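Asks:
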Amino acid sequence: MKNKFARNILRRHLTDDQRVMLIAKIRGPQLAAEGKERQGERTDIFPKTEKGSAHAHVRLADEAKVTKGKALTALEVSKHAKDIIADVVSGKIPLRKAAKIATARKPKRKSSCHVGASTNARNFGPLS
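Residue numbers (this note's numbering): 221 to 348.
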């Protein structure tokens, strides 16, 4: 089924942005689930599986015939800006613009630094 889908999607008159976003929409959750299953497995003692890379964006890039960066961007958009996926697939907005929107919506990571452990110059006092 996957191969038939991939062959058909590549025959369509779609831009790279449209193609990778469409495949990310359809296959993204499945690729993420497969990645979760493999999480924690040792990769140094077993040969590579027929599935190929363990990273979802690498597998998506291979299926969509685009760069890894573009595939990673499409996965980020599908994760953080689901409401604009249809606009990218239809060609209304480019993937790059959708990525900016997704980045703005992405939750901010909490700092792992200790409170009071700042290395700003103003905390060291006057230089004399």
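Built from N, CA and C at the ideal position, the CB exists for glycine as well.
This structure is a prediction, so every number in the text was calculated from the model and none was measured.
Verify whether the separation of the beta carbon atoms of leucine 292 and arginine 247 is less than 8 Å.
Replies: Counted from its first residue, the sequence shown places residue 292 at position 72. Counted from its first residue, the sequence shown places residue 247 at position 27. No.
Asks: Quick one: using the 10 Å Cβ neighbour count with 16 as the cut-off for buried, is glutamate 283 buried or exposed?
Replies: Working through the sequence shown from its first residue, we reach residue 283 at position 63. With 16 or more other Cβ atoms within 10 Å, it is buried.
Asks: Is glycine 311 helix, strand or coil when you go by DSSP?
Replies: The sequence position of residue 311 within the sequence shown is 91, counting from 1. Coil at glycine 311, not helix or strand.
Asks: Mind the definition here: the segment 253–262 touches the segment 318–331 only if three or more C-beta pairs lie below 8 Å; say whether that holds.
Replies: Taking 8 Å as the limit for Cβ pairs, the verdict is that the segment 318–331 does not touch the segment 253–262.
Asks: If I'm right that valine 278 touches lysine 288 with Cβ under 8 Å, what's the distance once you round it to whole angstroms?
Replies: For the purposes of this step, residue 278 is taken as residue 58 along the sequence shown, with counting starting at 1. For the purposes of this step, residue 288 is taken as residue 68 along the sequence shown, with counting starting at 1. Indeed, because the Cβ distance is near 6 Å, the residues count as touching under 8 Å.
Asks: Once the 5 residues before and after methionine 241 are set aside, which same chain residues still bring their CB inside 8 Å of it?
Replies: Locating residue 241 in the sequence shown gives position 21, where the first residue counts as 1. Closer than 8 Å at the Cβ level, and outside the excluded window around methionine 241, lie Ala294, Val297, Ser298, Ile305, Val308, Val309, Leu315, Ala318.
Asks: Inspect the beta-carbon positions of lysine 312 and aspartate 236 and report whether they are closer than 8 Å.
Replies: Translated into the one-based positions of the sequence shown, residue 312 becomes position 92. Translated into the one-based positions of the sequence shown, residue 236 becomes position 16. In this structure, aspartate 236 does not lie closer than 8 Å to lysine 312 by Cβ.
Asks: With DSSP run on the structure shown, which of helix, strand or coil describes alanine 276?
Replies: On the sequence shown, residue 276 is found 56 positions in, with the first residue counted as 1. Helix, per DSSP.
Asks: Within 10 angstroms of the Cβ of glutamine 250, are there 16 or more other Cβ atoms? Answer buried if so, exposed if not.
Replies: As a position in the sequence shown, residue 250 is number 30, starting the count at 1. It is exposed - the Cβ of glutamine 250 has fewer than 16 other Cβ atoms within 10 Å.
Asks: Would arginine 231 be called buried (16 or more neighbouring beta carbons within 10 Å of its own) or exposed?
Replies: As a working note, residue 231 is residue 11 in the sequence shown. With fewer than 16 other Cβ atoms within 10 Å, it is exposed.
Asks: Note down the Cα distance separating glutamate 254 from asparagine 228, rounded to an integer number of angstroms.
Replies: Here residue 254 refers to the residue found at position 34 when the sequence shown is read from its first residue. Here residue 228 refers to the residue found at position 8 when the sequence shown is read from its first residue. Near 23 Å, if we compare the C-alpha coordinates of asparagine 228 and glutamate 254.
Asks: Cutting at 7 Å between CB atoms, please list the residues of its own chain near alanine 252, excluding the five before and the five after it.
Replies: In the sequence shown, the residue the question calls residue 252 occupies position 32. Cβ neighbours of alanine 252 beyond the five flanking positions: Ala276.
Asks: CB of alanine 301 to nearest heavy atom of the ligand GDP: below 7 Å?
Replies: As for the ligand GDP, it is missing from this structure, which has no ligand bound.
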